[in-house]
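Visitor:
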Amino acid sequence: MKNNSFLRLTGIFVFGVVLYAACTIPFYFESPSMYYKTGMDRLMLRSGKIFGIITTVLLLFQVVLASRLQVLNQVFTAKKLFQYHRTNGLILFVSAMIHPILILGADHFVFFPFESRYWPEFIGVFLLMVLLPFVLLSVWQKKLGLNYNTWKLFHKTLAPVILILLFIHAMNVSRSFESGWPFYLLSAAGLIMVFLFARRALP
Amino acid sequence: MKPLFKFFIIFILFFFASTANAFQWDIDPDHSEVRFEVKHIHAKVSGQFTDFKADLFFNPDTPDQGKVDFTIAVKSVNTHNGKRDNHLRSKDFFDSDKFPNMTFHSSKITHIKDNLYALEGMMTIKDVTQKMNLEFIFFAPQQHPFDTQKWVTGSTTGFVVPRLDFHVGDGKFLKMGVVGNEVDVTISIEALRDK
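In structure tokens form, the structure reads like this:
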């Protein structure tokens, strides 16, 4: 029991370190878009980027929490992991909604025109549109009278789509992830996600 | 009702008489460009406004009866950097939601020499309207090589816009030594009209 508490604390600590390290990316790997922002605009842009990164990390943790890894089940119990998955899902949803508000706010809410060169931004918009029913149906599945198996099929089908869209968006929307450590870490996270999904999908 | 009708008739006659001897030209958007260049620390950064339209009435034989009305959609700014372009659209520069267009309305066209003409008019950028004197080259109309039913002409002009005079920026980036005040603008157009 004592050993389990230690492992639980270690797990939470690792999660905290990963989240904190990811949040430092907009400081240590500043994209050129930051140069031209001052005062409140700069604060909003950087915070917006941090919220985007928080959303990404929490989404990756969602997969880890739902992957039924035996070691996690032993340390945290399946029930707790499910609770974390639910809470984490709500937090990342709020974070995902704040992200574009701050990014657009830094440009005084001038929405980029519908041009092909803004495709990474539009992937992000599409991602939010997919995320919204994904989360709402999970929260209100019973209230909406949605059959559990139907919801589960919807959830399991859409989850990899969301992750793929997330990686495409993150890799292309910011210069911070074009090269260097952020690029390698995001790529590594992507490979871990592929492994976790394959592990669940394959017999 | 009667004086109003008279005024309307006179206005219509005056309008058509004023440009009667000037040919109307339609811009060929595929071969016309509005380019600009501005200093960034040491380098010159260039860009374009890709969405613009113009009412062009001009006959080199009667330049005084010509008219040029130019409208540029600010949102179409393109410096080949999407994030920078959105910053240019923001309140820091053009505030394109509030001021979607830049316009130029000519008031006088005179011949200088050869194919060089002087153009006088009012330029409006954001909330500032200023008198501008420009010079432009008008290339003699010729039969279009690919459409024998049309005349094609060309015109080019270059001028400097002091952006801060038009409230394009508050001087913050100039003070920082990042973005210059003088913006070199080049407008190069090809225009067509039926024979």
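Heads up: the sequence lines are chains B and A, in that order.
Position 100 of the first sequence, counted from 1, bears residue number 634 in the numbering used here, the numbering being contiguous throughout.
Position 123 of the second sequence, counted from 1, bears residue number 763 in the numbering used here, the numbering being contiguous throughout.
Cβ atoms here follow ideal geometry from the backbone N, Cα and C, with glycine treated the same way.
Alanine 683/A: buried (16+ other C-beta within 10 angstroms of its C-beta) or exposed?
Guide: exposed
Visitor: Sorted by chain position, which residues of the same chain lie with C-beta nearer than 6 Å to threonine 826/A's C-beta, five sequence neighbours on each side aside?
Guide: Arg675, Gly798
Visitor: Measuring straight from C-alpha to C-alpha, what distance separates phenylalanine 668/B and phenylalanine 660/B?
Guide: 12 Å
Visitor: Within its chain, find whatever has a CB closer than 7 Å to the CB of leucine 541/B; leave out the 5 residues flanking it on each side and keep chain order.
Guide: Val609
Visitor: From this set, Gln664/A, Phe692/A, Phe806/A, Trp791/A, which residue's C-alpha is nearest glutamine 705/A's C-alpha?
Guide: Gln664/A
Visitor: Can you say whether aspartate 732/A is buried or exposed, counting buried as having 16 or more other CB atoms within 10 angstroms of its CB?
Guide: buried
Visitor: Please list the terminal residues of the continuous beta strand (DSSP E) segment that includes glutamate 775/A.
Guide: Going by DSSP, glutamate 775/A is part of the beta strand (DSSP E) stretching over 768-784.
Visitor: Drop a sphere of 10 angstroms on the beta-carbon of arginine 803/A, count the other beta-carbons inside from all chains shown, and report buried for 16 or more, exposed for fewer.
Guide: buried
Visitor: Note down, in chain order, each residue of its chain lying with its Cβ closer than 8 Å to the Cβ of arginine 709/B, except the 5 sequence neighbours on either side.
Guide: Excluding its 5 nearest sequence neighbours in each direction, arginine 709/B has C-beta neighbours in its own chain below 8 Å: Ser565, Pro566, Ser567, listed in chain order.
Visitor: How about histidine 727/A: is its C-beta nearer than 8 Å to some C-beta of chain B?
Guide: yes
Visitor: Could you tell me which of Phe739/A, Leu696/A, Val808/A, Thr793/A sits nearest to histidine 671/A, measuring between CA atoms?
Guide: Thr793/A
Visitor: Using a Cβ-Cβ cut-off of less than 9 Å, give me the residues of the stretch 571-602 of chain B that come near chain A, in sequence order.
Guide: Shown in chain order are the members of the stretch 571-602 of chain B whose Cβ falls below 9 Å from a Cβ of chain A: Lys571, Thr572, Asp575.
Visitor: Can you list the residues of chain B that aspartate 737/A reaches, using a CB-CB cut of under 9 Å?
Guide: His642, Phe643, Val644, Phe645
Visitor: Do lysine 748/A and tryptophan 791/A have their CB atoms nearer than 8 Å?
Guide: no
Visitor: Measure from the C-beta of lysine 723/A to each C-beta in chain B and report whether the shortest distance is under 8 Å.
Guide: yes
Visitor: For lysine 679/A, list the residues DSSP reports as bridge partners.
Guide: Note: lysine 679/A sits in a beta bridge opposite Lys684/A.
Visitor: Kindly indicate which three-state DSSP category proline 647/B falls into: helix, strand or coil?
Guide: Correct three-state label for proline 647/B: coil.
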